[in-house]
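If you're matching them up, the sequences are chains A and B in order. For the first sequence, this note's numbering begins at 7 and goes up steadily by one. For the second sequence, this note's numbering begins at 26 and goes up steadily by one. Note that CB positions come from ideal geometry on N, CA and C, so glycine has one too. Step one of this worksheet: look at the structure below.
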Amino acid sequence: MEIPYNVEERQDTGMYNAKLGIWLFLASEVMLFGGLFSAYVFLRMGDITGTFASGSQELNVPLATFNTLVLITSSVTMIMSWVSLKLGDMKKFKMHLGSTLLLAGVFLVVKYFEYSAKFHHGIYPDTSTFFSIYFTLTGLHMIHILGGMVVIFYFLVPGSKMMKTEPERFTNRIETVGLYWHFVDLVWIFLFPVLYLL
Amino acid sequence: MSGHSVEDIKKSVKVYIGVFASLAVLTVVTVAASYLDLGSGEAFFLAMIIASVKGTLVAGYFMHLFTERTTILAVLGLTFFFLLTIMFLPYIAFTDQAGV
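Quick look at the structure:
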C-alpha cells in the first residue's frame, strides 16, 4: 500500500506529511532544550556565591568558536545538498551532503578533545552546578549531532537509491533532514554564548 | 517551501552564501562582545540579542520560515509562547522567594 502525501501536498495543511511531522518534532525539541535553558537560568540566578558564572572560565573559547563556525558551515553544505537535488545534480548533492557529514565529525572530534581536557583536570558533571548543566546541555546536543550523522549517512549511501525511483520524495526527505540539522545548529548558536562567554 | 523554480533556487544560493557570511561575522562579534566591560545582566542581554539575530537568519533563510506555510508558523507561534512561559519560570520563582 502506498503511503499518501509523501510528495503531493495535503489540502488542509498545504504541505507533504513529513514536513508537518518534522516541524511538530522540532516544536517538541524546542521545549526539551527550552526546559534545560530555563534550568540554566534558574541555577545562574540562584548562585549567590558567584561560582556558577566563573565555571565558564574553565572552558576553551577558541575551540568552541571554531566548532561554531564548523556547524554554521555544515548548515550551508546541508542546504546546498538540497539545492543540488532540486537542480538534479546528484554528484554535487553527494559532495555537499558528504561535507556535512565530515563537518559533523569534526565537531564531535573537537568536542572529544574538550571533554578529555575537562576529565583530565578532574572536572566532571558533579564538580559544580555549572558543569552539571554544561555536560547535560552539550551532551544532549552531541547526541543530536550523532543522530543526525546516522540519518545523513543513510541518505548519502543506501538511501540515495531512492533518487532513481522517486526523486521528488527523496528531495523532500533531504529537506526534512535539513530542517533537523539547521535546528541542531540553531541550538548551538544559543549554547555557545550562554555556556562559554557569559 | 515548495514549488520552487530552478531560477528561484539559483537566486537563493546567493542568499545562503550571504547568510553564511553574516553568521560567521556575528560569531566573531559575539566573542568580541564578551570582552567588553559590561555588567552580568547587560552582557547576557547583548549575547542573547546577537544569538537571536543569528537564530533568525538560520530559521528564516535556511529553514525557510520567512516563506513558510501558516500552519507551521501557527505551530511555532504556540511553541514560542510556551517557551517564553518556561523561560519566565525562574524569574517568578525568585521574585516569589524574595517576597515581592
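Residues of chain B with CB closer than 8 Å to the CB of residue i, please, in chain order.
i        : result
Phe99/A  : Result: empty, since nearest Cβ-Cβ is about 13 Å, beyond 8 Å.
Phe48/A  : Leu114, Pro115 and Ala118
Pro199/A : Thr55, Ser59, Ala72, Met73, Ile75 and Ala76
Ile151/A : Near Ile151/A there are no residues of chain B at all, since even the closest Cβ is about 16 Å away, more than 8 Å.
Gly20/A  : Arg94, Thr95 and Thr96
Leu185/A : Met88
Leu30/A  : Val100
When the Cα atoms are used, what is the spatial distance from residue i to residue j?
i        : j        : result
Leu101/B : Ala33/A  : 7 Å
Ser27/B  : Thr92/B  : Confidence at Ser27/B is low in this model, with a pLDDT of 48, below 50, so its placement is unreliable and the value that follows should be read with caution. Straight-line Cα distance between these residues: approximately 10 Å.
Gly85/B  : His188/A : 11 Å
Phe43/A  : Val200/A : 9 Å
Val193/A : Thr74/A  : 11 Å
Ala39/B  : Lys167/A : A small correction: the amino acid at residue 39/B is Lys; Ala does not occupy that position in the sequence shown. Each residue's Cα considered, the two are about 29 Å apart.
Tyr118/A : Ala57/B  : 25 Å
Ile139/A : Phe39/A  : 12 Å
Met86/A  : Gln122/B : 51 Å
Leu108/B : Phe87/B  : 22 Å
Val156/A : Val67/A  : 28 Å
Met37/A  : Gly128/A : 32 Å
Val115/A : Tyr22/A  : 36 Å
Gly43/B  : Ile117/B : 40 Å
Leu114/B : Gly41/A  : 10 Å
Thr120/B : Ile54/A  : 15 Å
Ala68/B  : Arg175/A : 46 Å
Leu69/A  : Phe106/B : 34 Å
Pro164/A : Phe136/A : 42 Å
Lys35/B  : Leu65/A  : 41 Å
Arg94/B  : Val82/A  : 22 Å
Ala46/B  : Thr19/A  : 34 Å
Within 8 Å of any Cβ in chain A, is that where the Cβ of residue i sits?
i        : result
Phe106/B : no
Thr92/B  : no
Ser27/B  : Model confidence at Ser27/B stands at a pLDDT of 48, short of 50, so the residue's coordinates are unreliable; what they give is reported in the following sentence. Yes, contact with chain A.
Ala99/B  : no
Phe119/B : yes
Phe70/B  : no
Ile34/B  : yes
Leu48/B  : yes
Val54/B  : no
Ala57/B  : no
By the criterion of Cβ-Cβ separation under 7 Å, what are the contact partners of residue i in chain B?
i       : result
Ser81/A : Val83 and Phe87
Ser44/A : Ile111, Met112, Leu114 and Pro115
Given that residue i touches chain A, what residues does it touch there, using C-beta distances under 8 Å?
i       : result
Gly80/B : Leu192, Ile195 and Phe196
Classify residue i as buried or exposed, calling it buried when 16 or more other Cβ atoms lie within 10 Å of its own Cβ.
i        : result
Glu181/A : buried
Ile97/B  : buried
Asp191/A : buried
Ser77/B  : exposed
Ile158/A : buried
His150/A : buried
Gly184/A : buried
Met7/A   : exposed
Val76/A  : buried
Gly154/A : buried
Tyr160/A : exposed
Is the Cβ of residue i closer than 8 Å to any Cβ of chain B?
i        : result
Gly41/A  : yes
Pro131/A : no
Ala33/A  : yes
His147/A : no
Leu69/A  : no
Leu107/A : no
Leu51/A  : In the sequence as displayed, the identity of residue 51/A is Met instead of Leu. True, the Cβ-Cβ gap to chain B drops below 8 Å.
Ile85/A  : yes
Thr74/A  : yes
Leu93/A  : yes
Ile78/A  : yes
Leu103/A : no
What does residue i touch in chain A if you count any residue whose Cβ is under 7 Å from its own?
i       : result
Val38/B : Val89
Name the chain B residues that come within less than 9 Å of residue i, Cβ to Cβ?
i        : result
Met208/A : With chain A represented from 7 up to 204, any question about residue 208/A goes unanswered, as that position is not in the structure.
Ala59/A  : Ser65
Leu143/A : Those do not exist, as Leu143/A stays about 14 Å from chain B at its closest Cβ, beyond 9 Å.
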